[in-house]
Each structure stands twice: as structure tokens, then as C-alpha cells.
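Numbering (my numbering), first residue to last: 32 to 459. Where is the CB? At the ideal position from N, CA and C, for every residue including glycine. On a predicted model such as this, the values are computed, not experimentally measured, just so you know. Working notes, structure below.
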Amino acid sequence: MHDLKQLRDNLDHIRTTLGRRGNDVQWSDIQQLSEQRRTITTQVEQLRFELNKGSEEVARLRRAKEPADTAMAAMKQVGDRIKDAEGTLRTVEEALSDVALRIPNLPHASVPVGADASENIEVRRWGTIPSFSYSPKPHWDIGEHLGILDFDRAAKIAGARFSVMTGAGARLERALINYMLDRHTTQHGYREVITPLMVNRSTMTGTGQLPKFEEDLFRLKDEDYFLIPTAEVPVTNLHREEILSGDRLPLRYTAYTPCFRREAGSYGKDTRGLIRLHQFNKVELVAFTTPDRSYEELERLTAHAESILQNLNLPYRVMALCSGDMGFSAAKTYDLEVWLPSQQQYREISSCSNFESFQARRASIKYRPAGGKKDAKADFVHTLNGSGLAVGRTVVAILENFQQPDGSVEIPPVLHPYMGGVERIEKE
RNA sequence: GGAGAGGUGGCCGAGUGGCCGAAGGCAGCGGUUUGCUAAACCGCCGUAGGGACAAAAUCUCUACCGAGGGUUCAAAUCCCUCCCUCUCCGCCA
């Protein structure tokens, strides 16, 4: 969310900078509602001042055993006027915050300007694309042939866009989760955390999923709980409504969670395989920093996610998302895209973003600067997160990139200890 | 699910209608004292929004005692609803 004062004073600038991303914002309402809020607030405060003074006068008269009826009657009227004005104020504030909570974040100056994914900029590329003497198979063929993926039974017990993994497939998924967590906790300094997988409305609002994207979320029928679409949600909200001490920053967390997404509006896309599911596993990285160090942190965090791909020897590229392709809450985003031989293209496997103070403002996460100054004012932290990595898509990349002509799949060496020594998945 | 007790500042804890943004203590910050440390003593010590000032310091107004309503001239205090925590009983991995 934007600072309301900033919003009022720089409305046109914000609107211009957002461009197409601000198309569905009710800009005209903001101006009007802000003005109303200002005048009514002043009015209410003046009335309250009058009421407070009047009530003190009543108290004084009564102590002096003097009649207070006139003053009481007058204050009764003031009280009624306050009640009226407060009613309007509440309506105005609710309307204003509803509009304001639907305004996306502003892109950082370094973000390329563009309309859609075609204008994203490739930052770097890593690894060697494997060559095959035959047409490389898609991962669902490989997985079903090996007997480790079972989409038919997944559809039977749940429906479309679910998966069942068995045997070495399930073991591979679990190996990846453990490997990623171990690496981030022991090599990169993240604290592991396990959180609830369903959260309340305030939490979803804090990170920006609500109010605008409710249709993307699974919601429980009889409770106001939502299934998390990413661990970013519960982990970032760990510190909602807190003031952190500056010398503890940056705080870095990593969490493995399943993620649940409705995937509304993606009918027909990636209907086969593990790419786009209603439920998938992800290891997430989350960081809280001071504003002056958040872009440095974004590079670090992205490198941490990259290191997983490098150690698995999976070829990938890093894309700087253009302004038109970035998510709602992000100020800057790098996508990591892994090479998928069967599709002959790079596909997203991680998304690393700096949200600057956008989420911190919504969730009220502040820090008090460290170092002496007693009057140092609390300020909003910057929050970041990135996938480190999407586990299912990593399985896809392994199956496809390391498939062998005989239908087996080589397991990257760093995973061998996590696979109980298994170096290759073969048909049972 | 049933019965009961609670939610007050960074923490502990007083406060049952007005002089309470809130005693006292701890922690923190600044200072005095001190060979050093400690102790003692003095002062400061919440968040947010508005106004005055060119700005800072400062002054001032408003709100906030879990959340939202209500009663009242006046609510931390009384009433209602909700959320959360704790204790006991039941059920349960």
C-alpha cells in the first residue's frame, strides 16, 4: 500500500508511473475521498475538543456543587454531531482504503519499462543446454514410464491439476526439499520456519493477496481462512504489527510449505504434468531489511536461489521483469527460468522480489534504527522473498534434462545422500 | 463441545465513571557521583494523524488500555457482539 499522504500529493505521478498496471484503479475516487477524509477529520477533532472541554466543565461544576444542566445539554448536542460526523468519516475511510489497497506497487527505477513478458530483459545465463540424439520426452511421459508419477489416480482422488508421486518420485521430491532447506540454513544464513498453511484475512491483506485477488485463493467454506498460495504469506506476516530492533536486521527465513492456487483464468495452459497445479511444494526465502540495503539483499537472495540450480547442474537464465509483467506488490523482480528440453524453452522456477515498504506498510512492520540516537523514529522495513525453489518444477527439470535414452533418469550428485545413495531412477 | 478466569505502554503490574495516555517497578537512554565496575541519585523514556514555526528544537489538538458497537455531558472502568489467551471437564493425532 502507498502512504496516503504521498498518494494525495503525488497522485498524477503515481498514476503515470503505473501506466497500464493502474488501469483498474478508481483514481477519481481517491482524490475526492482524500479531501473528504481531511475535512471531516478536522471537523471531528474540533468537535471532540469542544466536548472534552465541556465535559471538564461539567466535572468542575459538579465538584463545586453548582448546577451543570445547561452545559450537559449543550454537550449532548455536540456528542450527537460527533456521532454523525464519525459515521460519515468511517464510510469515507473504508471506501478510501478499499481503493488504496488495490493500487499496485511502483516499479523501482532500474526496472525495464514494458507492457508484458515479451519485454523482460535477460540479465544472465548459466549452464549448458543438453543435446539429445532423439526428441527429448516431456516429464509426464518419463515419470509415468518410470512409475513415479500418477496423474490418473490424482484426478480420481482430487481432480485436474493435482499430482501423485510414488516411490523414487516421492523420494526425489522429499530429497529436494531437504537439500534446499539444508543449503539455505547452513550455507546462506536463513532460519527455518514451519507455519500454518491456512491463514486469516488480515494476513492475506498484509502481503497483498487481498482484497484484489480473492478469486485466486482457496477459501474454507465455514471459516474465514484461506489456504496459502505461497509461504511468503505466513512468513512475512510473522512480524506483522511489530517494531524490530535495527541491529537484528536483516532477518532471513526459509520455509518449506505446500502452496495452493486456484489458477483461475489459466484454463488450457500447462494442463499436463507438474508445471501448473492446484497444490505444489515450494521452499521459500524471505528477508526483512533496512531500506538502504534491500537491493543488495535482492541480489543476495537471487544468488541463493541460483546456487540451488547451479548445484543441481540445471541450465537457467535470469530475467529482470519489465514493469508490465511484475506482480502487484513487487518493486523489482528477477525470475529464474530453467531450461526444459521437451518444450525447448526456459520456464519459470523461481521469482525473487523486493517489495520495498509496500507490504511493510500494509502489515505494519517497522524497525527502530540501531546505534545510539535515542529519538530515532521507527520506520517501515523492506521485505523480500523468492522461491528457493519451486520443488515440483525442479523435479520436472531434473527428469527432462537428465533423461537417458533408455528411459532412466540420472540424479544430480548433490542429491545422492538425500536419495539413500540412489544415483539413477530406473523402471522398476 | 461444556464450565470458568482473563486481555492495560518493550516487559511486569495498579487502576470499577471525571483531575487517567494511564501509579509503581523492571529494562532502555542521558546525566551526577565514582580509581574501574557496580550501586545510589536526578531526568528522559509509546504509536499514529492534524495544526503553529521557513525549518529543527519546541508548543498544541485528536485518537489509541484486544476489536467493533452501545449507554452517558463524560468510559481503561458499565452493557452487547466478536477475536485471542489461560484453567478444568469431554473428545482427539
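A Cβ-Cβ distance of about 6 Å is found for the pair Glu153 and Arg348, placing them in contact under the 8 Å criterion. Separation of the CB atoms of Glu223 and Leu241 is rounded to 27 Å, and the pair is thereby denied contact status at 8 Å. For Arg250, the CB contacts under 6 Å within the same chain, skipping 5 residues up- and downstream, are Phe257 in chain order.
Gly237 and Thr197 do not touch by the CB rule: their CB atoms are close to 38 Å apart, not below 8 Å. Apart from sequence neighbours up to five positions away, the residues of its chain that approach Glu457 with a beta-carbon distance below 6 Å are Ser439, ordered along the chain.
In this structure, Ala206 sits near Tyr449, with a CB-CB distance shorter than 7 Å. The bridge partners DSSP lists for Thr320 are His413. A buried status is given to Arg68, since no fewer than 16 other beta-carbon atoms sit within 10 Å of its beta-carbon. Cβ-Cβ distances below 7 Å link Leu308 to Arg192, Phe193, Ser194, Gly423 in the same chain, with the five nearest sequence neighbours on each side left out; the list follows chain order. The residues Leu367, Val369, Leu420, Ala421, Arg424, in chain order, have a CB closer than 6 Å to that of Ile380 in the same chain once the five nearest residues on each side in sequence are set aside. When the Cα atoms are used, Asp129 and Lys243 turn out to be separated by approximately 9 Å. Closest in C-alpha terms to Leu415, from the list Ile429, Pro346, Met350, Leu332, comes Leu332. Residue environment analysis places Glu263 among the buried positions, since at least 16 neighbouring C-beta atoms fall within 10 angstroms of its C-beta. Among the bridge pairs identified by DSSP, Lys313 is matched with Thr288, Ala421. Within the stretch 171-254, the runs of alpha helix (DSSP H) at least 4 residues long that lie entirely inside it are, in chain order, 182-188, 198-217, 232-238. Counted as a single uninterrupted DSSP element, the beta strand (DSSP E) harbouring Met350 occupies residues 347-351. Only exposed fits Ile188, as fewer than 16 other CB atoms lie within 10 angstroms of its CB. When the Cα atoms are used, Ala428 and Leu269 turn out to be separated by approximately 32 Å. Rounded to whole angstroms, the separation of the alpha carbons of Trp171 and Gln375 is 16 Å. Counting the other CB atoms within 10 Å of its CB gives Lys363 a total of 16 or more, which places it among the buried residues. Sorting Ser360, Gly53, Arg378 by C-alpha distance to the C-alpha of Arg393 places Ser360 at the top. Within the same chain, Ile274, Lys397, Tyr398, Arg399 come within 8 Å of Ala409 by CB-CB distance, once the 5 residues on both sides are set aside. Per DSSP, Gln376 is one residue of the beta strand (DSSP E) stretching across 376-385. For Arg155, the uninterrupted beta strand (DSSP E) segment begins and ends at 152-157. The C-alpha of Ile173 lies about 10 Å from the C-alpha of Gly304.
At the C-beta level, Ala126 and Leu64 come within 7 Å of one another.
The Cβ atoms of Leu132 and Met235 lie no closer than 7 Å to each other. For Phe257, the secondary structure class from DSSP, reduced to helix, strand or coil, is strand. Secondary structure note for Asp43: its alpha helix (DSSP H) is the uninterrupted segment 42-49. By DSSP's assignment, Leu367 forms a beta bridge with Val349, Ser381.
Between the alpha carbons of Asp247 and Asn231 lies a gap of roughly 15 Å. Rounded to the nearest whole angstrom, the CA to CA distance from Glu315 to Ala286 is 5 Å.
Going by DSSP, Leu132 is part of no alpha helix (DSSP H) at all; its letter is neither H nor E. In summary, His44 is exposed, with fewer than 16 beta-carbon neighbours lying within 10 Å of its beta-carbon over all protein chains present. Within its own chain, the residues whose Cβ lies closer than 7 Å to the Cβ of Ala148, once the five positions on either side in sequence are excluded, are Asp356, listed in chain order. In this chain, Arg393 is not harboured by any beta strand (DSSP E); it is covered by the alpha helix (DSSP H) spanning 389-394.
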